[in-house]
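Comments concern the structure below.
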Ligand code: RP5
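Numbering (full-length UniProt numbering), first residue to last: 1 to 165.
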């Protein structure tokens, strides 16, 4: 029997994006959320991008996390081709430190939204947490795991600073 489609797709423009996007994957893993990670480039594999985005909902995905750098058209183009929520992660580029990625992703025209996160690792982690929050609306068990994840985060913050070794 075929495996069921996981609820989250993590797509990225290049293998080089994985160093950032693996943080989204790890966070989903900590929350017990299954995902499928794929390389889908808006520029180098446009047919693959169109096929993925047009078919994502029918395939069974619920949320898409899309990471890209530089002229980062992947999240916006994907959002234009699917009704699923798309969270965009600007990957830190070498030339412009990810500011190009951020502006490419965040400045969508009214009508086609991409939920845009911070540049780099923090954005990848938060994209996973937003995806989890969306899925938790209809999954009580996941809602409890998300609450526990956040409680652990709070508990790990010391009340007072100490000198670094
Ligand atoms: C974008 O170009 C990718 O998302 C990546 O961030 C950037 C550079 O890609 P590589 O040249 O490292 O493959 O499409």
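From the three backbone atoms N, C-alpha and C, an ideal C-beta is built for every residue, glycine too.
Being a predicted model, the structure only gives us computed values, none of them experimental.
Outcome for residue 98 when other beta-carbon atoms lying within 10 angstroms are tallied against a minimum of 16: Residue 98 sits at position 98 when you count from the first residue of the chain shown. That one is buried.
Nearest-angstrom Cα separation, counted from residue 155 out to residue 161: Locating residue 161 in the chain shown gives position 161, where the first residue counts as 1. Locating residue 155 in the chain shown gives position 155, where the first residue counts as 1. Across the structure, residue 161 and residue 155 are spaced so that their CA atoms are roughly 14 Å apart.
For residue 52, the first and last residue of its enclosing alpha helix (DSSP H): Taking the chain shown and counting its residues from 1, one reaches residue 52 at position 52. Counting along the chain, the alpha helix (DSSP H) containing residue 52 begins and ends at 46-59.
Assumed close pair residue 13, residue 103 - CB separation to whole angstroms, cut-off 8 Å: On the chain shown, residue 13 is found 13 positions in, with the first residue counted as 1. On the chain shown, residue 103 is found 103 positions in, with the first residue counted as 1. Wrong, their Cβ atoms sit about 16 Å apart, outside the cutoff.
Limits of the unbroken alpha helix (DSSP H) element including residue 88: Stepping through the chain shown from its first residue, residue 88 is reached at position 88. From DSSP, residue 88 is part of no alpha helix (DSSP H) but of the beta strand (DSSP E) over 86-91.
Pair within 8 Å by beta-carbon distance, residue 10 and residue 24: For this step, residue 10 is matched to residue 10 along the chain shown. For this step, residue 24 is matched to residue 24 along the chain shown. For residue 10 and residue 24, yes; Cβs fall inside 8 Å.
Integer-rounded CB distance, given that residue 132 should sit under 8 Å from residue 89: The residue given as residue 89 occupies position 89 in the chain shown. The residue given as residue 132 occupies position 132 in the chain shown. Not really, about 15 Å apart at Cβ, beyond 8 Å.
Whole-angstrom distance between residue 151 and residue 164, CA atom to CA atom: Walking along the chain shown from the start, residue 164 turns up at place 164. Walking along the chain shown from the start, residue 151 turns up at place 151. Cα to Cα, residue 164 sits roughly 25 Å from residue 151.
Those runs of the alpha helix (DSSP H) which lie wholly inside the UniProt domain "PurE" (6-157) and span at least 4 residues: Within the UniProt domain "PurE" (6-157), the complete alpha helix (DSSP H) runs of at least 4 residues are 18-30, 46-59, 74-81, 99-106, 121-136 and 140-155.
Residues of its chain near residue 7, where Cβ-Cβ distance is below 6 Å and the 5 sequence neighbours each way are ignored: Counting from 1 along the chain shown, the entry for residue 7 is found at position 7. Hits under 6 Å: 62 and 135.
Euclidean distance between Cα positions of residue 31 and residue 65: Here residue 31 corresponds to residue number 31 of the chain shown, with the count starting at 1. Here residue 65 corresponds to residue number 65 of the chain shown, with the count starting at 1. Between the alpha carbons of residue 31 and residue 65 lies a distance of about 16 Å.
Closest Cα partner of residue 41 within the set 68, 33 and 108: Looking up residue 41 in the chain shown gives position 41. Relative to residue 41, the option among 68, 33 and 108 whose CA is nearest is 68.
Inter-residue Cα distance where the pair is residue 110 and residue 4: As a working note, residue 110 is residue 110 in the chain shown. As a working note, residue 4 is residue 4 in the chain shown. Looking at the two C-alpha atoms, the distance is approximately 34 Å.
Candidates 52, 140 and 47: closest to residue 37 by CA position: Reading the chain shown from its first residue, position 37 is the one you call residue 37. The shortest Cα separation from residue 37 among 52, 140 and 47 belongs to 52.
Ligand 1 heavy atom lying under 7 Å from the CB of residue 89: Within the chain shown, numbered from 1, the residue matching residue 89 stands at position 89. It does not: the Cβ of residue 89 is nowhere closer than 7 Å to a heavy atom of ligand 1.
Nearest neighbour of residue 153, chosen from 123, 91 and 129 [CA to CA]: Residue mapping note: residue 153 aligns to position 153 of the chain shown, counting from 1. Out of 123, 91 and 129, 129 has the C-alpha closest to the C-alpha of residue 153.
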